[in-house]
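Following: one structure in structure tokens, then a few remarks.
Protein chains: 2
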Amino acid sequence: MLNYTTSEENYIKAIYHLQKVDGMVTTNELAAELQSKPASITDMMKKLKAKKLLNYQPYQGFRLTADGTKVALSIIRRHRLWEFFLAEKLKFTWDEVHEVAEDLEHVSNKKLIDKLDEYLGFPRVDPHGDPIPDANGKIENSKKICITELPVNTISTVASVSDQSSEILELLEHKKIAIGTKVEVKKKFEFDNSMEIKINRQPVITISEQLAKNIFVNYGS
Amino acid sequence: MLNYTTSEENYIKAIYHLQKVDGMVTTNELAAELQSKPASITDMMKKLKAKKLLNYQPYQGFRLTADGTKVALSIIRRHRLWEFFLAEKLKFTWDEVHEVAEDLEHVSNKKLIDKLDEYLGFPRVDPHGDPIPDANGKIENSKKICITELPVNTISTVASVSDQSSEILELLEHKKIAIGTKVEVKKKFEFDNSMEIKINRQPVITISEQLAKNIFVNYGS
DNA sequence: AATTAAATTTAGATTTGCCTAAATTTATTT
DNA sequence: AAATAAATTTAGGCAAATCTAAATTTAATT
Numbered sequence: 002m003l004n005y006t007t008s009e010e011n012y013i014k015a016i017y018h019l020q021k022v023d024g025m026v027t028t029n030e031l032a033a034e035l036q037s038k039p040a041s042i043t044d045m046m047k048k049l050k051a052k053k054l055l056n057y058q059p060y061q062g063f064r065l066t067a068d069g070t071k072v073a074l075s076i077i078r079r080h081r082l083w084e085f086f087l088a089e090k091l092k093f094t095w096d097e098v099h100e101v102a103e104d105l106e107h108v109s110n111k112k113l114i115d116k117l118d119e120y121l122g123f124p125r126v127d128p129h130g131d132p133i134p135d136a137n138g139k140i141e142n143s144k145k146i147c148i149t150e151l152p153v154n155t156i157s158t159v160a161s162v163s164d165q166s167s168e169i170l171e172l173l174e175h176k177k178i179a180i181g182t183k184v185e186v187k188k189k190f191e192f193d194n195s196m197e198i199k200i201n202r203q204p205v206i207t208i209s210e211q212l213a214k215n216i217f218v219n220y221g222s
Numbered sequence: 002m003l004n005y006t007t008s009e010e011n012y013i014k015a016i017y018h019l020q021k022v023d024g025m026v027t028t029n030e031l032a033a034e035l036q037s038k039p040a041s042i043t044d045m046m047k048k049l050k051a052k053k054l055l056n057y058q059p060y061q062g063f064r065l066t067a068d069g070t071k072v073a074l075s076i077i078r079r080h081r082l083w084e085f086f087l088a089e090k091l092k093f094t095w096d097e098v099h100e101v102a103e104d105l106e107h108v109s110n111k112k113l114i115d116k117l118d119e120y121l122g123f124p125r126v127d128p129h130g131d132p133i134p135d136a137n138g139k140i141e142n143s144k145k146i147c148i149t150e151l152p153v154n155t156i157s158t159v160a161s162v163s164d165q166s167s168e169i170l171e172l173l174e175h176k177k178i179a180i181g182t183k184v185e186v187k188k189k190f191e192f193d194n195s196m197e198i199k200i201n202r203q204p205v206i207t208i209s210e211q212l213a214k215n216i217f218v219n220y221g222s
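Those protein sequence lines, which keep their order, are chains A and B.
In this note's numbering, each residue's number is its place in the first sequence (first place is 1) plus 1.
In this note's numbering, each residue's number is its place in the second sequence (first place is 1) plus 1.
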């Protein structure tokens, strides 16, 4: 595996995440994700195409090649292992780890990462509940769905939260909702899409549509 | 403390190390140390002077200001803490840690480093025997001297080895010389500057001038 | 002290990664 | 289907960090 610049890695990672939703990624989408300008995206797409990391025809959007996906998974592996390390060993809270891991992930020494993995006991998910690719780039597909899709009276486990702002953290803490928390949807209201849920078998609480949209659960577990 | 680029940090660190020997650092010295060209050094010196990290008059050499020294010690702190982590927790050998730490040291998140320090139990020296600056930038002066300077019949402790190539490692391993090993100089030969030493009170062995020049000990401990 | 040699700086170029503004292509509407 | 709007690309520029080659300053030597 060749080495890539921090900038290249950030583009590759962003494309990987956008692809999972979209299939094909567009220039504007990526510019928004990376908080940069469309012209900068086009420049980098040419470069990554030349390195055979993505398929790209002008005006037609782009997606990672098999090679590009491998690189993306390697970056995500580093990111999530560092997140696990920060939370588990250094006692960072789960809302703090992402930012620090954004820097650590670009240290691309395979031996370092594989030894870190071993030291941590080969964890399978990071502190946000997202799966960690193994040394071969294999990643579990976690069958995560949004809590809004969950049928009523089904027990499930909170797997991740998509928006990691401190505002949402405050609300989640207040409602005692965290990764691994058991949730059961009791009622959905069509009027405002709010819902009543039970957390760890305690009395029902109400959550708004905005909050619900950011909570993901492992379906069937 | 402001943030500096990886390149700036590498210059600052190199100047710090050269200063300890020289006092004043020259353009050519620094170019050799960083394996770059004198013209590149001059460019960066102007930049670092503008940031008040060093004193520099054209053609007169340069040295770090108090601010520059603070920055250098912060980088060295990160480097040596990561080295300790790699050796102690991830089981890297002491000749492998330097290279990996060269990358990790540029992640400049103070909270990360202070929590890492705490996690490691506030170690005072890295795997090469070099002291680790504390969170305030304070560093023990280790009074290290080269084994060639050691008086005969004085017991001392190996503190560090300056050249970290695998060739020297092989030789040191063969002779059972490691950080923390007790050494006692028994005889010095003026002809070739070779010397006879005892390692951990075992029978005397002979080491060459070249090897001796690379072994440093804590004088008086 | 004048000359030569060595060290250092300046001038000008290159690459990477980003930007703005203008041009182009594709999509949407009337 | 023509006109308009939106998305994307191209053109040209800028800053950081590097380089080579030429000019300059300092040091060393005759």
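Ideal Cβ placement from N, Cα and C applies to all residues, glycine included.
In this text the structure is predicted, and so the values were computed from the model without any measurement.
Which residues does DSSP pair with B:F63 in a beta bridge? As a first step, residue 63 of chain B must be located in the second sequence, where it is residue number 62. Partner(s): B:V26 and B:Y57.
Between the C-alpha atoms of A:S167 and A:I180, what's the straight-line distance to the nearest angstrom? Along the first sequence, read from residue 1 onward, the residue named residue 167 of chain A stands at position 166. Along the first sequence, read from residue 1 onward, the residue named residue 180 of chain A stands at position 179. Cα to Cα, the separation comes out at about 16 Å.
Check the Cβ of A:L91 against every Cβ in chain B and list those closer than 7 Å, keeping chain order. To locate residue 91 of chain A, count along the first sequence from 1; it is residue 90. The answer, in chain order, is K116, L117 and Y120.
Rounded to the nearest angstrom, how far is the Cβ of A:E89 from that of A:A102, given a contact under 8 Å? Numbered from 1 along the first sequence, position 88 holds the residue referred to as residue 89 of chain A. Numbered from 1 along the first sequence, position 101 holds the residue referred to as residue 102 of chain A. The Cβ separation is near 13 Å, so there is no contact.
Sequence-distant residues of the same chain with beta carbon closer than 7 Å to B:L172, five excluded per side: If you number the second sequence from 1, residue 172 of chain B lands on position 171. For B:L172, where only same-chain residues beyond five positions count, the Cβ hits under 7 Å are L212.
I'd like the span of the alpha helix (DSSP H) that includes B:M46, first residue to last. Looking up residue 46 of chain B in the second sequence gives position 45. Per DSSP, B:M46 is one residue of the alpha helix (DSSP H) stretching across P39 to A51.
Whose C-beta lies closer than 6 Å to the C-beta of B:R35 among residues of the same chain, with five residues either side of it excluded? Taking the first residue of the second sequence as 1, we reach residue 35 of chain B at position 34. Per the sequence shown, residue 35 of chain B should be read as Leu rather than Arg. So the list reads A15, once near-sequence residues are dropped.
Can you check whether the C-beta of B:V108 is within less than 8 Å of a C-beta belonging to chain A? Stepping through the second sequence from its first residue, residue 108 of chain B is reached at position 107. At least one chain A Cβ lies under 8 Å of B:V108.
Starting from the C-beta of B:P128, find all residues in its chain whose C-beta is less than 6 Å away, skip the five residues before and the five after it, and write them out in chain order. As a working mapping, residue 128 of chain B is identified with position 127 in the second sequence. Excluding the 5 residues flanking it on each side, B:P128 has same chain C-beta neighbours closer than 6 Å at E84, A88, W95 and V98, in chain order.
Classify B:I208 as buried or exposed, calling it buried when 16 or more other Cβ atoms lie within 10 Å of its own Cβ. Here residue 208 of chain B refers to the residue found at position 207 when the second sequence is read from its first residue. B:I208 is buried by the Cβ-count criterion.
Between A:K189 and A:I148, what straight-line distance do the alpha-carbon atoms span, to the nearest angstrom? The residue given as residue 189 of chain A occupies position 188 in the first sequence. The residue given as residue 148 of chain A occupies position 147 in the first sequence. Cα to Cα, the separation comes out at about 11 Å.
To which residues of the same chain is A:R78 closer than 7 Å at the C-beta, ignoring the five residues directly before and after it? On the first sequence, position 77 is the one that residue 78 of chain A refers to. Excluding residues within five positions, the ones whose Cβ falls inside 7 Å are I114, I133 and P134.
Is the shortest distance between the beta-carbon of B:L113 and the beta-carbons of chain A less than 8 Å? As a working mapping, residue 113 of chain B is identified with position 112 in the second sequence. True, the Cβ-Cβ gap to chain A drops below 8 Å.
Could you name each continuous beta strand (DSSP E) segment of 3 residues or more that falls completely within the segment 130-205 of chain A, going from the start of the chain to the end? 145-147, 156-162, 183-189 and 196-200
Output the distance between the C-alpha atoms of A:K205 and A:P152, rounded to the nearest integer angstrom. As a first step, residue 205 of chain A must be located in the first sequence, where it is residue number 204. As a first step, residue 152 of chain A must be located in the first sequence, where it is residue number 151. What sits at residue 205 of chain A in the sequence shown is Val, not Lys. Answer to the nearest angstrom: the Cα atoms are 16 Å apart.
Whole angstroms is fine: what's the gap from B:G130's alpha carbon to B:N142's? The count along the second sequence starts at 1 and reaches residue 130 of chain B at position 129. The count along the second sequence starts at 1 and reaches residue 142 of chain B at position 141. So the two alpha carbons sit approximately 12 Å from each other.
Could you give the residue range of the beta strand (DSSP E) that holds B:V1? Coverage of chain B is limited to positions 2 through 222, which leaves residue 1 of chain B absent and any answer about it impossible.
Checking the sheet assignment: what are the DSSP bridge partners for B:N219? The residue labelled residue 219 of chain B in the question sits at position 218 within the second sequence. Paired residue(s): B:K145 and B:T158.
Where does A:T207 sit, in a helix, a strand or coil, going by DSSP? On the first sequence, residue 207 of chain A is found 206 positions in, with the first residue counted as 1. Three-state result, A:T207: strand.
Any chain B beta carbon closer than 8 Å to A:V101: Looking up residue 101 of chain A in the first sequence gives position 100. True, the Cβ-Cβ gap to chain B drops below 8 Å.
Cβ contact (3+ pairs, closer than 8 Å) linking the segment 42-50 of chain B and the segment 4-14 of chain B: yes
Note down, in chain order, each residue of its chain lying with its Cβ closer than 8 Å to the Cβ of A:P39, except the 5 sequence neighbours on either side. Here residue 39 of chain A is taken as the residue at index 38 of the first sequence, counted from 1. If we look at A:P39 and ignore the five residues flanking it on each side, its Cβ neighbours are T28, N29 and A32.
Using the beta-carbon count (16 or more within 10 Å), is A:H175 buried or exposed? In the first sequence, residue 175 of chain A corresponds to position 174, counting from 1. By the neighbour-count rule (16 or more Cβ atoms within 10 Å), A:H175 is not buried but exposed.
Please classify B:D118: is it buried, with 16 or more other beta-carbons within 10 angstroms of its beta-carbon, or exposed? As a first step, residue 118 of chain B must be located in the second sequence, where it is residue number 117. Buried, because 16 or more other Cβ atoms sit within 10 Å of the Cβ of B:D118.
Tell me, please, whether the CB atom of A:D104 is closer than 8 Å to any CB atom in chain B? Along the first sequence, read from residue 1 onward, the residue named residue 104 of chain A stands at position 103. For A:D104, the answer is yes, since a Cβ of chain B falls inside 8 Å of its Cβ.
Taking the C-alpha atoms as reference points, what is the distance between B:Q4 and B:S41? The residue you call residue 4 of chain B lines up with position 3 of the second sequence. The residue you call residue 41 of chain B lines up with position 40 of the second sequence. Checking the displayed sequence, the identity of residue 4 of chain B turns out to be Asn instead of Gln. Approximately 21 Å between the Cα atoms of the pair.
Looking at the unbroken alpha helix (DSSP H) that takes in B:D127, where does it start and where does it end? Taking the second sequence and counting its residues from 1, one reaches residue 127 of chain B at position 126. Under the DSSP assignment, B:D127 falls outside any alpha helix (DSSP H); it carries neither an H nor an E label.
Local conformation of B:V72 per DSSP, three classes: Taking the first residue of the second sequence as position 1, residue 72 of chain B is located at position 71. Helix, per DSSP.
State the DSSP-derived secondary structure class of B:N11, mapped to helix, strand or coil. The count along the second sequence starts at 1 and reaches residue 11 of chain B at position 10. Correct three-state label for B:N11: helix.
Selection from A:R64, A:G62, A:V72 and A:T66 that minimises the alpha carbon distance to A:G138: Within the first sequence, numbered from 1, the residue matching residue 138 of chain A stands at position 137. For the residues A:R64, A:G62, A:V72 and A:T66, the minimum Cα distance to A:G138 belongs to A:V72.
How should A:A136 be labelled, buried or exposed, when 16 other C-beta atoms within 10 angstroms of its C-beta is the threshold for buried? Your numbering for residue 136 of chain A matches position 135 in the first sequence. Exposed.
B:L212 - DSSP class collapsed to helix/strand/coil: The sequence position of residue 212 of chain B within the second sequence is 211, counting from 1. Correct three-state label for B:L212: helix.
B:G221: buried (16+ other C-beta within 10 angstroms of its C-beta) or exposed? Position 220 of the second sequence holds residue 221 of chain B. Reliability fails at B:G221, whose pLDDT of 48 lies under 50, so the model's placement of it is uncertain and the value that follows must be treated cautiously. By the beta-carbon neighbour count (other beta carbons within 10 angstroms, threshold 16), B:G221 is exposed.
CB-CB under 8 Å to B:V108, same chain, minus the five flanking residues each way: which ones, in chain order? Start at 1 with the first residue of the second sequence, and residue 108 of chain B comes out as number 107. If we look at B:V108 and ignore the five residues flanking it on each side, its Cβ neighbours are R79.
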